[in-house]
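For what it's worth, the working numbering labels the leading residue of the sequence shown as 19, then goes sequentially.
Think of the CB as a built atom: it goes at the ideal place given N, C-alpha and C, for glycine as much as any other residue.
Notes to accompany the following structure.
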Amino acid sequence: MSFVLTPPVQTAVPVADGRSFPVHRIYCVGRNYVEHAIEMGHSGREPPFFFLKPADAVLAVADGQTGQMAYPSLSSNLHHEIELVVAIGRGGRNIAAADAAQHIWGYGIGLDMTRRDLQNDMKKQGRPWCIGKAFEQSAPIGPIHPIARTGRLSKGAITLHVNGELRQKGDLGDLIWSVDEIIEHLSTAWLLQPGDLIYTGTPAGVGAVNKGDLMEGRIEGLGALRVVVV
Ligand code: MN
19 MSFVLTPPVQ TAVPVADGRS FPVHRIYCVG RNYVEHAIEM GHSGREPPFF
69 FLKPADAVLA VADGQTGQMA YPSLSSNLHH EIELVVAIGR GGRNIAAADA
119 AQHIWGYGIG LDMTRRDLQN DMKKQGRPWC IGKAFEQSAP IGPIHPIART
169 GRLSKGAITL HVNGELRQKG DLGDLIWSVD EIIEHLSTAW LLQPGDLIYT
219 GTPAGVGAVN KGDLMEGRIE GLGALRVVVV
């Protein structure tokens with residue numbers, strides 16, 4: 019095939035064994051922990067809802083490395099949201115929650131970085147969140163760990179420290195919508211495909227970071243993700 023432009027490079031996330039996971043789409047779940055929903059001014063009980071980031075919003079951080087995220091344009095309120103990321107290995111439509119695990123290739127630690135000031139402006143005006151959520155490097159992620167090695171993750175601590183200070187703390191067992199239920203809901207609305215990433219929502223304690231701040235996210239069984247804002 020002859021392209022009129024150089025085709026974009028395939029976005030990929032390292033896998034712990036040295037290979038790479040190719041990224042197709044990035045789905046994100048909104049308000050999926052009760053305490054976080056409450057801190058955002060909601061009741062904590064509502065059907066799941068989704069937004070997307072472009073695949074090339076990924077900032078892949080290899081094991082043991084510290085990622086560098088550039089402070090984004092237009093914002094003066096860049097927020098961290100630590101999240102469990104589910105990597106889809108087998109696609110499908112209308113996947114039942116009971117079958118969801120067969121579609122999971124692995125898990126990673128991710129940050130749903132948010133220009134909160136711009137997101138809030140859009141919310142007030144009833145406009146799409148894209149400018150607040152879907153910008154370059156807005157999806158830092160550590161290595162993908164195969165489910166074959168980790169087993170299914172349904173509970174375990176999820177934390178985020180900034181410059182050594184604990185900011186966010188939760189447990190995967192506190193997800194309002196479980197990973198299986200998320201996959202069921204998502205696959206009624208979109209055709210899930212191999213390479214899709216799902217950011218499953220953040221626990222309470224979201225807040226701002228500034229240039230020079232070091233974020234360190236941890237999820238039990240998945241190690242750590244370190245990103246510095248530059
Ligand atoms: Mn989020």
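Check                                                                                                                                                                : Outcome
Per DSSP, residue 89 is paired with what?                                                                                                                            : Residue 89 is not bridged to any residue.
Rounded to the nearest angstrom, what separates residue 23 and residue 40 at their Cα positions?                                                                     : 21 Å
State the DSSP-derived secondary structure class of residue 132, mapped to helix, strand or coil.                                                                    : strand
Applying the criterion that 16 or more other CB atoms from any shown protein chain within 10 Å of the CB defines a buried residue, is residue 156 buried or exposed? : buried
Roughly how many whole angstroms lie between the Cα atoms of residue 60 and residue 42?                                                                              : 31 Å
Assuming residue 159 is part of the beta strand (DSSP E), what are its boundary residues?                                                                            : 157–159
Classify residue 176 as helix, strand or coil using the three-state DSSP reduction.                                                                                  : strand
In three-state DSSP terms, what is residue 84?                                                                                                                       : strand
Does DSSP classify residue 211 as helix, strand or coil?                                                                                                             : coil
Let's see if you can read the secondary structure: which residues bound the beta strand (DSSP E) around residue 100?                                                 : 100–106
Pick helix, strand or coil for residue 41, following the three-state DSSP scheme.                                                                                    : coil
Hey, could you find the ends of the beta strand (DSSP E) residue 244 is sitting in?                                                                                  : 241–247
When the Cα of residue 184 is compared with those of 38, 48 and 98, which residue comes out closest?                                                                 : 98
Between 105, 236 and 214, which lies nearest to residue 170 when the distance is taken from Cα to Cα?                                                                : 105
Does DSSP put residue 47 in a helix, in a strand, or in coil?                                                                                                        : strand
Sorted by chain position, which residues of the same chain lie with C-beta nearer than 8 Å to residue 109's C-beta, five sequence neighbours on each side aside?     : 121, 209, 210, 211, 212 and 214
Please classify residue 28 as buried or exposed, where buried requires at least 16 neighbouring CB atoms within 10 angstroms.                                        : exposed
Taking 8 Å as the limit between beta carbons, can you name the residues of its chain near residue 242, skipping five residues before and five after?                 : 127, 160, 234, 235 and 236
Let me check understanding here. Comparing Cα to Cα, which of 176, 222 and 76 lies closest to residue 102?                                                           : 176
My assumption, with CB atoms under 8 Å, is that residue 246 sits in contact with residue 232. Please give the rounded CB distance.                                   : 5 Å
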